[in-house]
Amino acid sequence: MYDVKNNLHQVLSDLPQGVRLVAISKYHPASYIEAAYAEGQRLFGESHEQELRQKHEALPRDIEWHFIGHLQTNKVKYIAPYVSMIEAVDSLRLLREIEKQAARCGRVIRVLLELHIAEEETKYGLTPDALRQLLDGGEWRQMEHVRICGLMMMASNVDDSSQIRREFRQAHQLFDECKQRWFADSDDFCERSWGMSHDYRIAVTEGSTMVRVGTLIFGPRVY
Ligand SMILES: *Cc1c(COP(=O)(O)O)cnc(C)c1O
Numbered sequence: 052m053y054d055v056k057n058n059l060h061q062v063l064s065d066l067p068q069g070v071r072l073v074a075i076s077k078y079h080p081a082s083y084i085e086a087a088y089a090e091g092q093r094l095f096g097e098s099h100e101q102e103l104r105q106k107h108e109a110l111p112r113d114i115e116w117h118f119i120g121h122l123q124t125n126k127v128k129y130i131a132p133y134v135s136m137i138e139a140v141d142s143l144r145l146l147r148e149i150e151k152q153a154a155r156c157g158r159v160i161r162v163l164l165e166l167h168i169a170e171e172e173t174k175y176g177l178t179p180d181a182l183r184q185l186l187d188g189g190e191w192r193q194m195e196h197v198r199i200c201g202l203m204m205m206a207s208n209v210d211d212s213s214q215i216r217r218e219f220r221q222a223h224q225l226f227d228e229c230k231q232r233w234f235a236d237s238d239d240f241c242e243r244s245w246g247m248s249h250d251y252r253i254a255v256t257e258g259s260t261m262v263r264v265g266t267l268i269f270g271p272r273v274y
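Going by the numbering used here, the sequence shown opens with residue 52, and the numbers climb by one from there.
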């Protein structure tokens with residue numbers, strides 16, 4: 052096994068106060084999660100519903116699970132009973148389904164809206180205009196079982212750190228705009244989820260409140 056303990060503490064020691072680590076454990080066995088858990092880590096992120104379900108069932112109940120991947124609407128019902136946050140909401144349709152399933156469970160589910168800024172066309176997420184449109188529509192205000200807690204984004208997968216920085220900055224500006232226009236009176240809207248293994252150090256200097264780091268802690272994934 053990778054030296055999970057050492058790697059975890061390395062990453063944690065890099066994070067300024069107020070920035071949380073979501074340890075991304077997708078494709079890694081439960082034993083890796085247990086190693087991080089033994090060091091006090093309680094917040095983990097997964098991107099596939101079935102894998103998350105199996106780990107949720109096998110591992111301690113006080114783990115906080117974030118769903119970080121692209122979520123199909125027909126999968127929401129499986130994670131709604133226990134998921135702590137759904138990070139990558141990229142459509143009103145998905146938001147409606149989360150509202151419906153959270154209501155059935157008698158829960159309020161915290162979500163982030165996923166912003167698409169990166170150049171890659173393959174990535175999911177709302178463009179800045181689609182994000183504004185969704186929030187302007189106002190339907191989300193009637194959703195009593197969904198709490199929009201901020202934005203999530205992935206920067207372009209490039210070596211050019213100035214481009215990455217630019218994208219984080221743009222995301223931060225959009226966060227500020229959303230805060231001002233739609234969430235000025237909501238303390239809930241406070242999370243900026245950006246930064247992965249290769250760019251989390253840049254992310255924390257550009258206002259991230261939550262980094263999602265996998266490879267640096269658990270090693271390369273075997274797909
Ligand atoms: C896999 C994944 C990560 C973690 O990536 P690493 O490069 O392993 O740190 C972060 N965010 C999302 C959305 C992911 O899918």
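Beta carbons are placed, not taken as given, at the ideal position from N, Cα and C, and that holds for glycine. Just so it is clear, the structure is predicted and the values come from calculations on it, not from any experiment.
### Query
In the structure shown, what three-state DSSP assignment does H117 receive?
Looking at H117 - three-state DSSP - the assignment turns out to be strand.
### Closest residue to I215 among K77, I253, L166 and K128 (Cα-Cα distance)
By alpha-carbon distance to I215, the top candidate from K77, I253, L166 and K128 is I253.
### Message
At the level of alpha carbons, what is the spacing between G189 and D210?
### Response
The straight-line gap from Cα to Cα measures roughly 38 Å.
### Message
Less than 7 Å separating the Cβ of L267 from some heavy atom of ligand 1?
### Response
Yes; taking the cut-off as 7 Å, the Cβ of L267 has a heavy atom of ligand 1 nearer than that.
### Query
Leaving out five residues before and five after V127 in sequence, what residues of the same chain have Cβ atoms less than 7 Å from its Cβ?
Scanning its chain for C-beta atoms nearer than 7 Å, with the 5 sequence neighbours on each side dropped, one finds around V127 the residues E148, I149 and Q152, in chain order.
### Query
Quick one: is Y18 buried, meaning 16 or more other Cβ sit within 10 Å of its Cβ, or exposed?
A question about residue 18 goes unanswered here, because the residues of the chain that appear run from 52 up to 274.
### Query
Under a three-way DSSP split, which group does G201 fall into?
Strand, per DSSP.
#### Entry: Cut-off 7 Å between Cβ atoms - residues of its own chain near P67, not counting five sequence neighbours on either side
Excluding sequence neighbours, P67 sits near V255.
### Query
Exposed or buried, what is G265 when buried is set at 16 or more other beta-carbons lying within 10 Å of its beta-carbon?
Its Cβ being crowded by 16 or more others within 10 Å, G265 is buried.
### Message
Helix, strand or coil, according to DSSP, for F95 in the structure here?
### Response
Residue state, collapsed to three classes: strand.
#### Entry: the stretch 118-127 / the stretch 87-95 touching (three or more Cβ pairs under 8 Å)
Verdict: no, contact absent.
### Query
Do L143 and M194 have their C-beta atoms closer together than 8 Å?
No. Outside cutoff.
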